[in-house]
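Chains as they are written, first to last, in our numbering: chain Y, 1 to 421; chain D, 1 to 144. Have a look at the structure below, then the notes.
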Amino acid sequence: MYNGLSLDQAPPISVVLRFFFTVPVFGILLALIVFFYPHDVLTPTHPISLAAIHVMFLGIITMSMFGALFQMQSVLGGRPIPSVLGNAFLIHLFLVIGVLSLSGAFVLGTPELFIIASVFLGGSILYVATLILPLLFVGTPHDTLRGMRLALIALSLTAILGIVMASEYANLSFSAFHAVIRSVHYSLGLVGWIAILIIAVAFQVVEMFYVSTPYSPWCKRNAFKVIAVSLFLKIIWLFTTLPYVWVFDLVIGALLIGFVTTTAKRLKMRKRRVSDVSIWFWSSGIILLSLAVVAHMVSLSNGYPQSQSISLIAFGLFALAVILGMMGKIVPFLVWFHLNSAGYMDTPLMSNIIPQSRAKGVFTLFILTSFTSIVGVFYIEFFALSALIGAAMFTLLLINLIKAYKLYRYTLSHGKRFEQI
Amino acid sequence: MILEFMRDDHRACDHFYSEAENALAAKKTEEAKELFELFYRATNHHFDMEERELFLTFEKRTGMMGGPTQMMRYEHQQLRSQLESMRLALLENRTDDFFGIGESMMIMLQQHNMKEEQMLYPMIDRTLGDDGALMIQTLKDMEK
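Dropping the structure here:
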């Protein structure tokens, strides 16, 4: 009954940073793909497009979310992840190999690579789910925990469907359900995994970090139920080819707009008026999510591939905005926290670990990347330009992370600890 | 319920901090000092309520001496040290240092509050049962 908090809860800094360091590397890889093949990336179901989508949603977004999950579990879940170093090492390794082999499989069309991708990606994702999910069912449940559970279940199902499709690609034999499986795979991955996890985190972070009015209990209690039921019914509708399947997209879209509205209101009315880059990222994120929802609704009504592309790009950028905003807070905090807890007298302040000027640099480049990539759906030159700006953004992010880590290492080896005086 | 009572107290402390931070950002240094003092006192009082009454009663009833309450005490110690550094920075008009320390203090405080609100207080509520109301009265009676 009372299992829970322990003194050594926070995972070692390397656990989280190994995931975060990989994010800009995949970001630069994505930028290269977009720069050299802008037309192909914008062509739905083109192998290059599929490679780019998986680098974005697995190599960048899921990679950062796994890193954040390892950190959040100890705070929100209350129970530390067992053998955290070894487990993080394997999960990270599997995910890296999986994303690279899957992207390679799409680009090269090599069946063996699809098999390798299935083994490593499926392994990594199901490994995370079996490791963390049981811990989320222990102790007192709360809304964020419920969201995290649902997100991990959706991710596991997404992975299973991914494995099914990868085996179809490997054998070049597609079942009659291939298109349906792909739709379900997208819905579960984008809404079930990414949107639900971000909403769950927002319920905690926005209220507590910015000291805003709490989200309404009704909203917290029912948001995940509405999404879960809508996704479940949408899957049944898709597999049984029933009409009006778009109704479920409408319901989910309305809920996401509700989330955007209520979050914008809380950010606007926050008590902590001091503005920082993370708030700018959250604000940009909710604008991009609104754009993604509107573009998806337009694509449902007219079926234009451009609307679909805008929706997917804006959704990816929404998730990236939240990730970059949170990463800019988590990394300096972790460096500070681990040094301070170890008793180093000269632990640098958070604002000196990633200075505001470089954090603002990442934000400016993010806004330019967002603008050019969305305009790029209509003017291909802008899309190629977005790749260059995106590459600059991920390079700066990598520099920020490396400098933060170097400062951590430097203080570890040169700093004075309280016990030494 | 202990959870509601202590959660409201967390929010009241957060409010004082936001006000102090806002005043300092608006260059109203003297007002910021007064408001920070309110936050400093309210937060230390909150820690005292937990350490002198709530945790002791919980530990006596459950026999858990080295568990979650010990973890919370350790975090109180770290947070108290942060509060002292901020107070000194404000006294010496080192505004950047105040904001710098405040950033990490706030994340740490919020993580600490999350753990208490989501795990520890519900545990205490279950342990105290009907005696919860009496405990709230005891906490209210503690001098600020």
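Just so you know, even glycine gets a beta-carbon here, dropped at the ideal spot from N, CA and C.
Let's see if you can read the secondary structure: which residues bound the alpha helix (DSSP H) around residue i?
| i | result |
| --- | --- |
| Y/S424 | The question about residue 424 of chain Y has no answer, for chain Y in this structure spans 1 to 421. |
| Y/D107 | Note that residue 107 of chain Y is Val in the sequence shown here, rather than Asp. That run of the alpha helix (DSSP H) goes 84-108. |
| Y/L155 | 143-171 |
| Y/F363 | 356-375 |
| D/R41 | 29-49 |
| D/R52 | Careful: D/R52 lies outside any alpha helix (DSSP H) and carries neither H nor E. |
| Y/L256 | 246-268 |
| Y/F120 | 111-136 |
| Y/L76 | Premise fails: Y/L76 is in no alpha helix (DSSP H) and is neither H nor E. |
| Y/I353 | 350-353 |
Measuring alpha carbon to alpha carbon, tell me which residue in the options is nearest residue i.
| i | options | result |
| --- | --- | --- |
| Y/A500 | Y/H46, Y/E112, Y/W193, Y/L32 | No statement about residue 500 of chain Y is possible, as the shown extent of chain Y runs from 1 to 421 and does not include it. |
| Y/G303 | Y/W246, Y/R273, Y/S283, Y/T347 | Y/W246 |
| Y/L256 | Y/L238, Y/F89, Y/F224, Y/Y244 | Y/F224 |
| D/A12 | Y/L291, Y/T213, Y/P80, Y/K329 | Y/T213 |
| Y/T411 | Y/W336, Y/S370, Y/V277 | Y/W336 |
| Y/M72 | Y/L135, Y/L172, Y/A170 | Y/L135 |
| Y/F106 | Y/T45, Y/A391, Y/V206 | Y/T45 |
| Y/L197 | Y/K403, Y/P82, Y/M165, Y/F259 | Y/F259 |
| Y/F21 | Y/I286, Y/T144, Y/I399 | Y/I399 |
| D/L134 | D/L54, D/M71, D/L83 | D/L54 |
| Y/S118 | Y/T262, Y/S167, Y/S74 | Y/S167 |
| Y/S373 | Y/I389, Y/A359, Y/I287, Y/I61 | Y/I389 |
| Y/G189 | Y/V34, Y/K416, Y/R79, Y/L312 | Y/L312 |
| Y/V180 | Y/A228, Y/L238, Y/I125 | Y/L238 |
| Y/T347 | Y/V331, Y/A392, Y/K416, Y/I60 | Y/K416 |
| Y/E207 | Y/K271, Y/V164, Y/L172 | Y/K271 |
| Y/S299 | Y/S156, Y/S173, Y/P111, Y/L250 | Y/L250 |
| Y/T240 | Y/T262, Y/F177, Y/I227, Y/Q204 | Y/F177 |
| Y/T276 | Y/K329, Y/T261, Y/P82 | According to the sequence provided, residue 276 of chain Y is Asp. The question's Thr does not apply to it. Out of Y/K329, Y/T261, Y/P82, Y/K329 has the C-alpha closest to the C-alpha of Y/D276. |
| Y/H39 | Y/E381, Y/C219, Y/T261 | Y/E381 |
| D/T62 | D/I136, D/A20, D/G132, D/M123 | D/M123 |
| Y/R149 | Y/K403, Y/L161, Y/L131 | Y/L131 |
| Y/R273 | D/F5, D/M6, D/N22, D/M1 | D/N22 |
| Y/F203 | Y/A404, Y/S413, Y/R146 | Y/R146 |
| Y/M165 | Y/V184, Y/I153, Y/A151 | Y/V184 |
Measure the Cβ-Cβ separation of residue i and residue j and say whether it is below 8 Å.
| i | j | result |
| --- | --- | --- |
| Y/V377 | Y/L42 | yes |
| Y/A427 | Y/I115 | Since the first residue of chain Y shown is 1 and the last is 421, residue 427 of chain Y is not available in this structure. |
| Y/A314 | Y/L291 | yes |
| Y/G316 | Y/F36 | no |
| Y/L95 | Y/F70 | no |
| Y/A68 | Y/M326 | yes |
| D/F58 | D/T127 | yes |
| Y/I13 | Y/Y408 | yes |
| Y/L396 | Y/V375 | no |
| Y/F318 | Y/G285 | yes |
| Y/S351 | D/E103 | yes |
| D/P68 | D/M108 | no |
| Y/L90 | Y/Y127 | yes |
| Y/F19 | Y/M63 | yes |
| D/Y121 | D/L24 | no |
| D/F36 | D/R87 | yes |
| D/K28 | Y/V75 | no |
| D/L79 | D/H45 | no |
In this structure, does DSSP put residue i in helix, strand or coil?
| i | result |
| --- | --- |
| D/D9 | helix |
| Y/Y304 | coil |
| Y/L7 | In this prediction, Y/L7 scores a pLDDT of 41, lower than 50, which makes its location untrustworthy; the coordinate-derived value is nonetheless stated afterwards. The answer is coil: DSSP assigns Y/L7 none of H, G, I, E or B. |
| Y/R417 | strand |
| Y/Y210 | coil |
| Y/Y344 | strand |
| Y/H185 | helix |
| Y/M1 | Unreliable placement is indicated for Y/M1, whose pLDDT of 38 sits below 50; no coordinate value is reported for it. |
| D/D14 | helix |
| Y/G139 | coil |
| Y/F383 | helix |
| Y/V274 | coil |
| Y/H338 | helix |
| Y/A321 | helix |
| Y/P243 | coil |
| D/M1 | coil |
| D/A26 | coil |
| Y/I286 | helix |
| Y/A176 | coil |
Go through the region 58-140 of chain D residue by residue and report every complete run of the alpha helix (DSSP H) that reaches 4 residues or more, in order. 68-91, 95-115, 121-128
For the region 4-55 of chain Y, list the beta strand (DSSP E) runs that are entirely contained and at least 3 residues long, ordered along the chain. none
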